[in-house]
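**Q** One structure, pasted below without further comment.
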Amino acid sequence: MYHPSTRLLTILDLLQMHPYLSGEELARRLEVEPRTVRRYIGMLQDMGMPIEGSRGPGGGYRLRPGFKLPPLLFTEEEATAVMLGLLGTSWLEIDLSATAVEGALAKVYRILPAKGRERLQAFSTNMMLSPQQKDTRPDSSLLVRLSEAAHTHRRVTIAYSSHHNQDSTRTIEPYGIAGWKGHWYVVGYCMLRQSYRMFRLDRILQVQIHEETFVPDKDFDYQDYILKHLVTVPPRWLIEVEFQEELHLVQHKIPSTHGKLTPTPTGVLFQTHHVDLPSMARYLMNLNIPFVIHQPPELRTTLLELAQEMVRIAHAGFDTHAE
């Protein structure tokens, strides 16, 4: 089974080796329908590849005469790192263009030796990466703009919606960007509050980068600030749950950032911390994997309360609709 990026690169390879190939021939070699070939050709043209096509019976494609793709030189380890980084973009929780990711994968794949191509094929067809947040992804351009503002020490004005859904306008002096547990933050000095603050990127409605610069406080370490406010927040509950399933199946459903997964003789031990037992109970049930609770005992009580609530909801209105 081919990955789309593999087919894109295969098309480029074939067109570099042959002066002209018909759409039917490309479809046969790629094991797809001709209309799929036309879609792939369009994707390559959108990436800037100078592919020329002719319509009608016997129509086909060729690379513009004289065009050659520039070579890239990677060690096998470097190419593997690049491939894993590209395949893992879904975990970045940033709204990246799928075309850009596919194009980058295609370019890397093209310069790999046979063994490297086999590895990419294995990665792309036998690995699923599931993001934590699907509806709160900030645009990648926002991440880039704020990073540039922090690098050049430019003040930024943002239209911001707080977790209480209160909109405000803030002017900040950005120091850095942080990604943590499914969210992205910008750390900076807030001119309104006259103190350092963190702002979630997915809550930024508008942004304006000013020409006005600021002098960074050399005594302020934004990384230490992040560790203090995001990493070292004391958790309330230590959760230990053993799933009665194989490790690779559990890994498909639980991102590594959610906690530690350890194989056991009878399944997989899941260890994490959480501040709210009801939300943890609902999360565990939504996984649809059999499990046994090791600790805390209070989680058992919470699950029983959740079950009673589900029974109550299921029976609500039952008698009034029965014949």
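Each residue of the sequence shown is one higher than the one before, starting from 1 at the first, in full-length UniProt numbering. Beta carbons: idealized from backbone N, C-alpha and C, even for Gly.
Can you name, in chain order, every residue of its own chain whose Cβ lies under 6 Å from the Cβ of methionine 191, other than the five neighbours on each side?
**A** Thr171.
**Q** Here's the rule I'm using: 16 or more other beta-carbon atoms within 10 Å means buried, otherwise exposed. How should phenylalanine 67 be labelled?
**A** exposed
**Q** Looking only at its chain, what residues have a beta carbon closer than 8 Å to the beta carbon of arginine 145, apart from the 5 residues adjacent to it on each side?
**A** Within the same chain, arginine 145 has close Cβ partners Val207, Ile209.
**Q** With a 10 Å radius around its C-beta and 16 neighbouring C-beta atoms as the bar for buried, classify methionine 310 as buried or exposed.
**A** exposed
**Q** Rounded to a whole number of angstroms, what is the C-alpha to C-alpha distance between aspartate 139 and threonine 302?
**A** Cα atoms of aspartate 139 and threonine 302: separation of roughly 37 Å, rounded to the nearest angstrom.
**Q** Measuring only the C-alpha atoms, how far is phenylalanine 270 from glutamate 298?
**A** 17 Å
**Q** With C-beta atoms as the reference, is glycine 56 less than 8 Å away from glycine 23?
**A** no
**Q** Just list the beta strand (DSSP E) runs in the segment 184-250, keeping only unbroken ones of 3 residues or longer that don't cross its boundaries, in chain order.
**A** 195-200, 204-213, 237-243
**Q** State the beta-bridge partners of valine 292 as determined by DSSP.
**A** Valine 292 pairs with Glu242.
**Q** If you compare alpha carbons, which of Val268, Pro265, Ile289, His258 is closest to histidine 274?
**A** His258
**Q** For isoleucine 239, collect the residues of the same chain with a Cβ closer than 8 Å to its Cβ; drop the 5 residues on either side in sequence, then sort them by chain order.
**A** Cβ within range, chain order: Gly259, Phe270, Gln271, Thr272, His273, His274, Met280, Gln295, Pro296, Leu299.
**Q** How is aspartate 167 classed by DSSP in three states: helix, strand or coil?
**A** Reduced to three states, the DSSP call for aspartate 167 is strand.
**Q** Using the beta-carbon count (16 or more within 10 Å), is arginine 155 buried or exposed?
**A** buried
**Q** Can the beta-carbon of leucine 9 be found closer than 8 Å to that of alanine 106?
**A** yes
**Q** How would you label glutamate 102, buried or exposed, when you count the other beta carbons within 10 angstroms and need 16 or more for buried?
**A** buried
**Q** What would DSSP say about isoleucine 254, mapped onto helix, strand or coil?
**A** coil
**Q** So, helix, strand or coil for threonine 157, using DSSP?
**A** Residue state, collapsed to three classes: strand.
**Q** Quick check: the Cα distance between asparagine 165 and tyrosine 196, rounded to an integer number of angstroms?
**A** For the pair asparagine 165 and tyrosine 196, the Cα-to-Cα distance works out to about 21 Å.
**Q** Helix, strand or coil for threonine 301? Go by DSSP, reduced to three states.
**A** helix
**Q** Give a yes or no on whether the C-beta atoms belonging to arginine 203 and serine 161 are separated by under 8 Å.
**A** yes
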